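Numbering-wise (the working numbering), the sequence shown opens with residue 397 and increments by one. All residues carry an ideal CB built from backbone N, CA and C; glycine is no exception. What you are looking at is a predicted structure, and each value in this text was computed from that prediction instead of being measured. Below: one structure, written as structure tokens.
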Amino acid sequence: VEQLRANPPAPRGPGGGGGGLAGGVADAVSGHRTGGNGGGGATALKMQPAPVAAPVQLPAMPTSFAEVAALFADKREGIMAVQLRTRVNLVSFEAGRMEWRQHSTANADLAPKVARLLSEWTGRRWTVSVNSTDPAEPTLTEQAANAELRRRQDAAEHPLVKAVLAAFPDAAIEAVRELEPETPPEPMAEYFDPSLDADEMFPGEEDL
């Protein structure tokens, strides 16, 4: 108390006093927040480029009606693939357009569904129409059966097969399979070393 009496505090200035201390504290806080690097408080964010999606790989454009049916099988459209093979007789085919004769047992909306899915899968517009007047091909299943019958008939005409059938009257041709062509033998010259003379390549009896 005696010390306070001996050193009274300085009188406050006008406007409520204490402004110098408060201003100094505010300046110090402001300087601490903004930092002293002189580069500004805000740092621009580096924008990252947006990822680019990989292009969608479209199936190859079918070049035949058989490839159309195979594409539906690959896409797991099993019911439609079976109907295309067994209940449709093709009238005409070109890239992007088909005409066929449709069996009464096929789904009534088969043609528009095939056109829509082909357009989605290939990225090209397809039109499919039903033609009940112009000549049409056998179904794909009938074509495969006819081809198998021709292979059996051709095989039955082979002399060796004829001999077997004659020796075993109860035998029958169950299936015909295409054999892969044999690989031709490599030229013998590849096995000889031109740097060797005849004695080295063909040693005599004394060297054996």
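ARG548 and LEU561 have their alpha carbons spaced roughly 13 angstroms apart.
The three-state reading of DSSP puts LEU486 in strand, counting E and B together. Secondary structure of GLU495 (DSSP, three-state): strand. When C-alpha distances from PRO531 are compared across SER525, SER488 and ASP566, the shortest belongs to SER488. According to DSSP, VAL524 shares a beta bridge with MET494.
For the set ALA511, ILE475, VAL524 and LYS471, the Cα lying nearest the Cα of THR501 is the one of ILE475. By the Cβ rule, the region 537 to 554 does not count as touching the region 498 to 512, because fewer than three pairs are nearer than 8 angstroms. A direct Cα-Cα distance of roughly 20 angstroms separates VAL464 from SER528. Burial is judged here by how many other beta carbons sit within 10 angstroms of a residue's own beta carbon; PRO577 has fewer than 16 and is exposed. For THR482, the closest alpha carbon among the candidates ALA563, THR537 and PHE564 is that of THR537.
Closest in C-alpha terms to VAL526, from the list MET457, ASN485, LEU514 and TRP517, comes ASN485. LEU575 has its alpha-carbon roughly 17 angstroms from the corresponding atom of ARG546. ALA504 sits in coil when the DSSP states are folded into three classes, being neither helix nor strand.
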